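Structure record follows, encoded as structure tokens.
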Amino acid sequence: MAYVATRGGERAIEQSQRLFKAEMGAITPERVAELRAALPYLIDRVMGEASLYDEDLAALALAQTGGEMYEAALLLRAWRTTQPRLQVAQPVTQDALFTHRRISAAFKDIPGGQVLGPTLDYSHRILATEVLTGDTHTPAPVEPAAKPSPARQPSVAAWQAENGLLDPAVPDQTLGNDIPDVTREPLLFPAKRAHTLQSLARAETGGALALGYAAQRGYGQAHPTVNELRLAEAEIVVEHPRGTRFSAGRVKISQAEVVDKKGAGLRLGFSATMGWNEVKVIAAATLDLNAPGAPKGAPTEEEFFLYHTEGVEASGFCIHFKLPHYVTFQSSLDAMRDAKAKAAAQQAQPAEADATEHPTTEPAQ
Amino acid sequence: MNRQIGELAGRTHEDVLSVLARADATRLKAFAEPLITDLGDIEVRENRTGLVMLPMRDTAQGVHFHLGEVLMSEARISAAGIEGYGMRRGRDLEAAMAMALVDLCVALGLRHDDCAAFVEAEAQSQTAEDEATLKRVEATRVDMETF
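Sequence lines, in order, name chains C and P.
According to the numbering used here, the stretch in the first sequence is residues -5 to 359, in order.
According to the numbering used here, the stretch in the second sequence is residues 731 to 877, in order.
Right, here's the structure in full:
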């Protein structure tokens, strides 16, 4: 196999990048701030897929790439490598989440009740075209309740375990740098559960949805019901040099449990990600639910979905096919021509032999 | 009552730090800047941005896994052999330094009443903000009915 660099294209490459950026114009602090304020769900999606939580950096990456999501995630992952890791925080637990949205499709009367939170689930999908003719679309303000919702909500799974419907989860004792980390060690199969869940947390949304949807449509063994879905804020609990643990702020997270109803008891699939992105966590939890016993090559098989939902690698591999492959392509053409020539020669040889054995000219009378 | 180092009246060190980490950046910087004079010679040991990895416990099997990393600003300073520490979310080195200055003041017992008043005011502001958020959330509570 041989590779050659493309020569003589420096100016064209420089101009092509300028042409890409020309369409976007100047990137100003105001533009970044506006993107951050106006597109929180897109910012969340980029932060989750980049596995780096900072709204300003995510907005900047979107501004710099013109909204090209794969490039934005790649920029953020590249930038991340320039930063030291200061600490590993204390693990976030479900019962400590500052909860904004919490619903269950399995039980209507869950402990703590159901709060819809911010959602368009029950909305009419009507485009506000009046904005294009000069009007301003101002959403009606929320009418707050007289009393606040409890900040922390009990776990549906814990309640199910108390009622003998689920095996209770045994809390992990692994902490800090001992928690397996796919950014520092290779993803090997069968994967550690910590690697699986971390990979799904940083998975590309479209990839997770495509494979999760395949499982939901019947290309999996278990049909999911959403046991509990949460959009929440998690405290980042770090340690002071004198040992005091404290919250250094909050980040938005999404978390989904889906449940399989087949068999003697219930069985859960789980996924969570940084930012609010419920499509991704429901799809990813479906994959987690379907993974045990999935046949090799099925969309629900762990190796299949973990490799194919890694957005930076997948997009990078996909777009590399448009880069010069002249030598390998010419080599394939040479092989093709050689095969054709050999086939033609083989076809010609029996004809010649036949002609020797059975001459077509009539013998002289 | 003896207070532990870093505590304020009615507030543990954890409380003080958590409130400072979430305090309004502009107000925090404005409050902390004059403290430099009171603290005298300060050694700045660290003032940088970096990442904190955030793990979570899976509710299906109880396994700890990493959600991803969060950009943080950190400051470590010292005076009279005592360390002040600041860590806040985002990219604001001055705010992290301001937090470390307040933490150091509290640890050294300097400007105790001012620090207590500042932390109290910020705590009340944060509580009010959370309450307003949760009242909007409560407005979306739903009682599902089956037919």
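C-beta atoms are modelled at their ideal positions from N, C-alpha and C, and glycine is treated no differently.
Small disclaimer: the values here were computed from a predicted structure and weren't measured.
In this structure, L70(C) places its C-beta atom within 8 angstroms of the C-beta atom of V40(C). Its Cα nearest to that of A185(C), the residue P174(C) stands out among P174(C), R178(C) and R30(C).
Among the residues of chain P, those whose CB is under 9 angstroms from the CB of S45(C) are H796, L797, G798 and E799, following chain order. A Cβ-Cβ contact shorter than 8 angstroms links T789(P) with S149(C).
At a beta-carbon threshold of 7 angstroms, the residues of chain P lying near F240(C) are E744, L747, S748 and A751, ordered along the chain. For K141(C), the nearest CB of chain P lies under 8 angstroms from its own CB, placing it at the interface with that chain. Taking 8 angstroms as the cut-off, the beta carbon of L784(P) is found no closer than this to the beta carbon of I276(C).
For a cut-off of 8 angstroms, the C-beta gap from R25(C) to E49(C) is around 14 angstroms, too long to register as a contact. In this structure the segment 769 to 788 of chain P lies against the segment 801 to 819 of chain P, because at least three pairs of beta carbons, one per stretch, are closer than 8 angstroms. Taking a C-beta distance under 8 angstroms as the contact criterion, G269(C) and D38(C) qualify as a contact pair.
Chain P has no Cβ within less than 8 angstroms of the Cβ of D38(C). The Cβ of P764(P) sits no closer than 8 angstroms to any Cβ of chain C. Taking every protein chain shown into account, the CB of M874(P) has fewer than 16 other CB atoms within 10 angstroms, so this residue is exposed.
For A228(C), the three-state secondary structure derived from DSSP is strand. In the same chain as G736(P), and ignoring 5 residues on each side of it, the C-beta atoms closer than 6 angstroms to its own belong to H743, V836 and A837, in chain order.
What T779(P) touches in chain C, judged by beta-carbon distance under 7 angstroms, is Q77, going in chain order. Going by C-alpha positions, P318(C) is about 15 angstroms away from E4(C).
Setting aside the 5 residues that flank it on each side, L194(C) is surrounded in the same chain by S265 and A278, each with a C-beta closer than 6 angstroms to its C-beta; the list follows chain order. For the C-beta of E813(P), the chain C residues within less than 8 angstroms are, from N- to C-terminus, P235 and R236. The beta-carbon of G792(P) is placed less than 8 angstroms from the nearest beta-carbon of chain C. Taking a beta-carbon distance threshold of 8 angstroms, F298(C) does not count as an interface residue toward chain P. Taking R261(C) as the centre and dropping the five residues before and after it, the same chain places the C-beta of D254 closer than 6 angstroms to its C-beta, in chain order. Assigned with DSSP and collapsed to three states, D48(C) falls in coil, not helix or strand. At a Cβ-Cβ threshold of 8 angstroms, G305(C) and E43(C) count as neighbours. Collapsing the DSSP output to three states places L182(C) in coil. Take A853(P), set aside five residues on each side of it, and the residues of its chain with a beta-carbon closer than 7 angstroms to its own are V749, in chain order.
DSSP places Q249(C) in the uninterrupted beta strand (DSSP E) bounded by R239 to D254. L864(P) reaches chain C at P142, S143 and A145, counting residues in chain order whose Cβ is nearer than 7 angstroms. Per DSSP, R778(P) lies in no alpha helix (DSSP H); the unbroken beta strand (DSSP E) holding it starts and ends at E773 to R787.
The DSSP-derived three-state label of R733(P) is coil. Apart from sequence neighbours up to five positions away, the residues of its chain that approach A202(C) with a beta-carbon distance below 6 angstroms are K274, A277, A278 and T303, ordered along the chain. Excluding sequence positions up to five before and after E307(C), its CB lies less than 7 angstroms from no other CB in the same chain. Inter-residue distance for G257(C) and L159(C) is about 11 angstroms (C-alpha atoms, whole angstroms). Residue state for Y213(C) is assigned as helix, using DSSP reduced to three classes. One alpha carbon belongs to A751(P), the other to A760(P), and they sit about 15 angstroms apart. Out of L33(C), H314(C), Q154(C) and P105(C), the CA that lies nearest to the CA of G259(C) is found in Q154(C).
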